[in-house]
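Asks: Got a structure for you, written out below as structure tokens; questions coming shortly.
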Amino acid sequence: IMDEIASLTPSYAGVTYERLEKVGLQWPVPNKEHPGTKYLHKAAIARGRGLFMPTEYVESAEMPSAEYPYILTTGRILYHYHTMTMTGREDGLNQLAPESFVEINETTANKLDIVDGEMIRLTSRRGELEVKARVLDTIDEGVVFMPFHYTEGKANLLTNSVVDDIAKIPELKVAAVKIEKL
């Protein structure tokens, strides 16, 4: 596999398993004689200086309201990658993270009389789903987190598809939701 990667990617052209096991390498390694690159941008980056662009704060397209008072943010967890097409086949990973869940702050859970492990309903302007609550003190009050990996979880059913003007990507990290005890 490494030979194929090296043949297709110029910055890995000098990387072999033997060289990696013997001394380790830092890319780029453009050929088999190259010792590896200790510092990628020691003097300057290829185009000169770094390119910094100031940005102005833009509020999310959807903010909490009286009807949807909490913010849902979605993301990854340690044990799975994207839609689990590979990690979902690994029994060990599935034992560590077997099912979809939503993380809720302890204070928020107490206000709603929700206990750890209980099934709850999350509803946004786009849909609703039922998911197991994971009550923690590591997430901010008023925010809930749900991994998007799980097919049965359908986290993105709740997210906002409004597209950012510059990046042209959907705003999947902020969606206003309400939480109901089942």
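For what it's worth, my numbering labels the leading residue of the sequence shown as 4, then goes sequentially. Ideal Cβ placement from N, Cα and C applies to all residues, glycine included. Note that the structure is a prediction, hence the values are computed from the model and not measured.
1) Using 6 Å as the cut-off, classify the Cβ of E62 as near or not near the heavy atoms of the ligand NAD, replying yes or no.
2) Taking the alpha-carbon of I140 as reference, which of P67, T154, I107, P31 has the nearest alpha-carbon?
3) How far does the beta strand (DSSP E) with L139 in it extend, from its first residue to its last?
4) Compare the beta carbon distance of P31 and S10 with 7 Å and say whether it is the shorter of the two.
5) In whole angstroms, what is the alpha-carbon distance linking A69 and A179?
6) List the endpoints of the continuous alpha helix (DSSP H) containing Y20.
7) Got a sec, what are the start and stop residues for the beta strand (DSSP E) A69 sits in?
8) Would the beta-carbon of L175 fall within 7 Å of that of T77?
9) Give a yes or no on contact between the region 36-44 and the region 54-66, applying the rule of three or more CB pairs nearer than 8 Å.
Replies: On the basis of the supplied data:
1) Although the ligand NAD was asked about, the structure shown includes no ligands whatsoever.
2) Note that residue 140 is Asp in the sequence shown here, rather than Ile. Here the closest residue by C-alpha is I107.
3) 131-139
4) no
5) 10 Å
6) 20-25
7) A69 -> no beta strand (DSSP E), and no H or E assigned at all.
8) yes
9) no
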